[in-house]
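See structure below.
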């Protein structure tokens with residue numbers, strides 16, 4: 001396994017932070033926070049979920065996921081229903097308004113990212129897309 005200097009690790013961290021900040025700004029996502037976006041994305045792609053499962057997927061605690069879902073509900077972006085198999089558990093689903101907002105934000109972010117990637121030469125573009133699976137693993141639950 002290759003060892004990387006603290007400077008190289010710092011450069012990677014800073015590049016990821018800056019890119020995330022620019023993507024957020026490009027989407028103009030003042031409507032929702034990054035945590036809310038991530039939860040909506042998970043609900044859209046893999047949901048609905050019980051609250052606990054959403055918390056595990058998002059790597060957040062029970063009280064945090066409860067507040068997060070309450071905020072999404074208040075904004076009309078998610079809904080909660082009683083689990084037919086366990087009345088003590090709630091099931092969280094994305095609403096049509098949540099899907100619409102998610103699609104709108106994703107389109108704006110993707111447009112920005114596509115434009116930025118096109119400024120790179122083809123070798124850099126290939127290296128960038130080759131690194132996507134490794135970057136995804138960094139953000140995956142342990």
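Numbering (the UniProt record's numbering), first residue to last: 1 to 142. Positions of the beta carbon are idealized from the N, C-alpha and C atoms, including for glycine.
Run the CB neighbour count on residue i, radius 10 Å, all protein chains shown included, and call it buried at 16 or more, exposed below.
{"i": "residue 17", "result": "exposed"}
{"i": "residue 135", "result": "exposed"}
{"i": "residue 109", "result": "buried"}
{"i": "residue 139", "result": "exposed"}
{"i": "residue 43", "result": "buried"}
{"i": "residue 101", "result": "buried"}
{"i": "residue 30", "result": "exposed"}
{"i": "residue 12", "result": "exposed"}
First and last residue of the beta strand (DSSP E) that includes residue i?
{"i": "residue 78", "result": "78-82"}
Hey, residue i and residue j are a contact pair by Cβ (cut 8 Å); roughly how many whole angstroms apart?
{"i": "residue 92", "j": "residue 40", "result": "That pair is no contact at about 10 Å."}
{"i": "residue 69", "j": "residue 56", "result": "Not really, about 14 Å apart at Cβ, beyond 8 Å."}
{"i": "residue 36", "j": "residue 66", "result": "Wrong, their Cβ atoms sit about 14 Å apart, outside the cutoff."}
{"i": "residue 132", "j": "residue 125", "result": "Going by Cβ atoms, the distance from residue 132 to residue 125 rounds to 11 Å, so no, they are not a contact pair."}
{"i": "residue 98", "j": "residue 74", "result": "Going by Cβ atoms, the distance from residue 98 to residue 74 rounds to 12 Å, so no, they are not a contact pair."}
{"i": "residue 90", "j": "residue 83", "result": "7 Å"}
{"i": "residue 23", "j": "residue 113", "result": "7 Å"}
{"i": "residue 94", "j": "residue 47", "result": "6 Å"}
{"i": "residue 59", "j": "residue 6", "result": "Rounded, the Cβ-Cβ distance is 25 Å, inconsistent with contact."}
In terms of residue numbering, what span does the alpha helix (DSSP H) encompassing residue i cover?
{"i": "residue 60", "result": "Taken as a continuous stretch (DSSP letters only), residue 60 belongs to no alpha helix (DSSP H), as it is neither H nor E."}
{"i": "residue 139", "result": "132-139"}
{"i": "residue 109", "result": "96-117"}
Using alpha carbons as the reference points, say which of the options lies closest to residue i.
{"i": "residue 27", "options": "130, 107 and 10", "result": "107"}
{"i": "residue 33", "options": "89, 87 and 105", "result": "105"}
{"i": "residue 76", "options": "96, 89 and 112", "result": "96"}
{"i": "residue 49", "options": "4, 86, 8 and 121", "result": "86"}
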